[in-house]
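Per our numbering, residue 1 is the first one in the sequence shown, and the count goes up by one each step.
Virtual Cβ for every residue (Gly too), placed ideally from N, Cα, C.
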Amino acid sequence: MPLPTGCDRYRCDPIMSEHTCDVLVVGSGFGGSLMAMVLAKLGFRSLVVERGNHPRFALGESSTPLANLVLEQLATTYDIPELLPCCQYGTWKRDRPELVCGLKRGFSYFEHQAHQPFRVLSDRSNQLLVAASNSEEDADTHWLRSDFDQYLVSLLPSRGVQLLDRVNVDSLEHIAPQYSGTCWTLRGTRCDEPLTLHARFMIDASGSDGFLARHLALPSSLGDLKTYSRGLFSHFHGVHSWQSILAAGGNDTSDHTFPCNAAALHHVFKGGWMYLLEFENGVTSAGFSLDPRLHPQPSSMSPEEEWRQWLNRFPSIAEQFADAEPIAPAPGNIVRTGRLQRFVSQAADTDWALLPTTAGIIDALHSSGNAHTLYGIERLGRAFSQYGNTLRFHAALHEYAETTACEIKFIDELVAGCYKHFERFPKMVLASMCYFVAAHSLEGLRRSGLAADTGFLRATDRAFRKRIRKARFLIDQQENTSRDVTAAVATLLAPDNSAGFLNADRRNNYPYQAE
């Protein structure tokens, strides 16, 4: 889908060497582009600056019911009807067929033992399926970010938002915040030509690049986090569906409430897990998240060699990848990272803000990143609607910063609680129920208009957090996961559990229950 981006539009235009705007957004991923369109609708001159160009590889590919609810609300509130079809799989396929996506009916998890083929146990205690929709029509999606991000970029001109891509930053000057005038001056080059940008406010949507945190020397709060993981990942062609691998192994899947590979698929093992997201163009996004305290990076192995070692450890996963070839971000290459977690606890001040996944990221487990980004955009949109009242605006930014930090810490608690029990799958299932109860109950609160003060995943709801904390303590303290333990956790979370999670009779197979 060719779109008019890049230096070709501006290379010879001398007028473009200097710009002044109200809000400068750094980063043109979906979060940065959507934030700029929200600001434009509110009457602000917003400009997006980008180091690279589109289309490009990016992670953060899995939507959730919460992500789609917020995306729909943003599209409606800020008059971006082009995004409404992207809120469900059915409308996406009918109205945006040129954009590649994947079908996501829910979440599926399978426990693996080293050097043993996977076999479904008769009591289903080594698998978990949680449906997030009733049908394909209202299902969630996987976003092929190279397509989805480029599509949002293509909408910017119609909203009066300019994108300057392929910008190399030389310096960023920050003047003490003023109630009028310029607070920020960015100098650099674009297509080898000098570029100067002036802005009154800056929003960092650069994600892992951490543009503002570096330039402002914001202290890291990484030590506050409990989750510890590193990554190996790529996009692949030729990955076999997990459903076909299960069938070939003689496993009965007739009781599955949805096709287990039409999901955010998790292969779980001691000290880590593997994700798979299937797109409808034959591409699969896959990667390992590993606890380096148990699985340190082997210095003598290339990323590709380590990838093959992990496949060889689990025969059924190796079978799934028998014909797979990595294709992106570079053909034949596996990307290997250091620690995935980042956290800057100060996410805003009087003239700048970080989108949530720029302030902090935990892990792909629970697919929280895109929804959290959208929550941040929604909250900043409300803050900027009060821009004319300085005291209210600054108070809203302070609340944004406090809430974002609280949410990141809560996501960390939920993810770390699962990592702790990967080697005991029944306990991991119980720990994951804390997330599913949080997410599903928040869906209901949003639909009823009661979610304004609860934060993402109800992170700022103190009574709810207390119940989750007690549940996690109970899970951690018990050696085994008997029906009594499950019942005790279910009793603790009963006020929030209208979906019927933690029902031992369901045998880890939960259909979708709308609030």
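Residues bridged to residue i [DSSP beta-bridge criterion]
i      : result
Phe236 : Thr284, Pro326
Asp204 : Val26, Leu354
Glu278 : Thr284
His256 : The partner list for His256 (beta bridge, DSSP) is empty, contrary to what the question assumes.
Leu164 : Val49
Gly43  : Its beta-bridge partners do not exist; DSSP assigns none.
Phe107 : Val130, Ala264
His112 : DSSP output for His112 lists no bridge partner at all.
Thr20  : His198
Gly360 : Phe343
DSSP state of residue i mapped onto helix, strand, coil
i      : result
Glu50  : coil
Val26  : strand
Lys93  : helix
Val120 : coil
Val344 : coil
His372 : helix
Gln243 : helix
Leu492 : helix
Asn480 : coil
Glu319 : helix
Phe522 : Because residue 522 is not part of the residues shown, which for the chain are 1 to 515, the question remains open.
Gly32  : helix
Val169 : strand
Gly223 : helix
Ser62  : strand
Tyr512 : coil
Ile377 : helix
Glu189 : Note that residue 189 is Thr in the sequence shown, not Glu. Strand.
Ala471 : helix
Arg458 : helix
Leu450 : coil
Arg230 : strand
Leu365 : coil
Ala199 : strand
Leu294 : coil
Ser289 : strand
Range of the contiguous alpha helix (DSSP H) that encloses residue i
i      : result
Gln127 : Premise fails: Gln127 lies in the beta strand (DSSP E), 127-131, not in any alpha helix (DSSP H).
Phe410 : 390-419
Asn68  : 65-77
Val437 : 425-447
Tyr151 : 145-155
Arg308 : 303-313
Arg214 : 211-215
Cβ neighbours of residue i in the same chain (closer than 6 Å, five flanking residues each side left out)
i      : result
Asp476 : none
Phe314 : His112
Phe269 : His112
Pro85  : Thr91, Trp92, Asp95, Arg96
His235 : Val283, Ser285, Ile327, Ala328
Glu304 : Ile334
Phe201 : Val23, Asp351
Glu173 : Thr185
Gly417 : Ala431, Arg472
Residues near residue i by beta carbon distance below 7 Å, same chain, minus five either side
i      : result
Leu83  : Leu71, Ala75
Asp13  : With a pLDDT of 42 at Asp13, under the threshold of 50, the modelled position of this residue cannot be trusted; read the value that follows with caution. Taken in chain order, the list of residues that qualify is empty.
Trp143 : Glu61, Ser63, Cys101
Pro117 : Gly249, Pro315, Ser316
Ile245 : Ser316, Glu319, Gln320
Cys406 : Gly455, Ala459, Thr460
Gly160 : Ala40
His215 : Leu172
Limits of the beta strand (DSSP E) - the one that residue i falls within
i      : result
Ala139 : Element bounds for Ala139: n/a, residue is neither H nor E.
Arg339 : 335-339
Gly102 : 101-104
Nonlocal neighbours in the same chain, by C-beta distance under 8 Å from residue i, ignoring five residues either side
i      : result
Glu18  : Leu195, Thr196, Leu197, His198
Asp149 : Ser28, Gly29, Phe30, Ser33, His54, Pro55, Arg56, Ala58
Proximity test, Cβ basis, 7 Å: residue i and chain D
i      : result
His266 : No chain D appears in this structure, which consists of one protein chain only.
Inter-stretch contact at 8 Å, needing at least 3 Cβ pairs: the region 229-249 / the region 296-314: When C-beta atoms of the region 229-249 are compared with those of the region 296-314, three or more pairs fall below 8 Å, so the two segments count as touching.
Three CB pairs or more closer than 8 Å across the region 496-504 and the region 438-458: Pairwise C-beta distances place the region 496-504 in contact with the region 438-458, as three or more of them are shorter than 8 Å.
Three CB pairs or more closer than 8 Å across the region 329-336 and the region 245-254: Counting Cβ pairs under 8 Å, fewer than three are found: no touch.
At least three beta-carbon pairs within less than 8 Å, the region 46-55 to the region 349-361: With fewer than three CB-CB distances shorter than 8 Å, the region 46-55 does not count as touching the region 349-361.
The region 376-392 touching the region 325-332, judged by at least three CB pairs closer than 8 Å: no
Contact the region 215-229 vs the region 408-415: 3+ CB pairs below 8 Å: yes
Contact the region 418-433 vs the region 254-271: 3+ CB pairs below 8 Å: Here the region 418-433 lies against the region 254-271, with 3 or more beta-carbon pairs under 8 Å apart.
Three or more C-beta pairs below 8 Å linking the region 274-282 and the region 123-136: no
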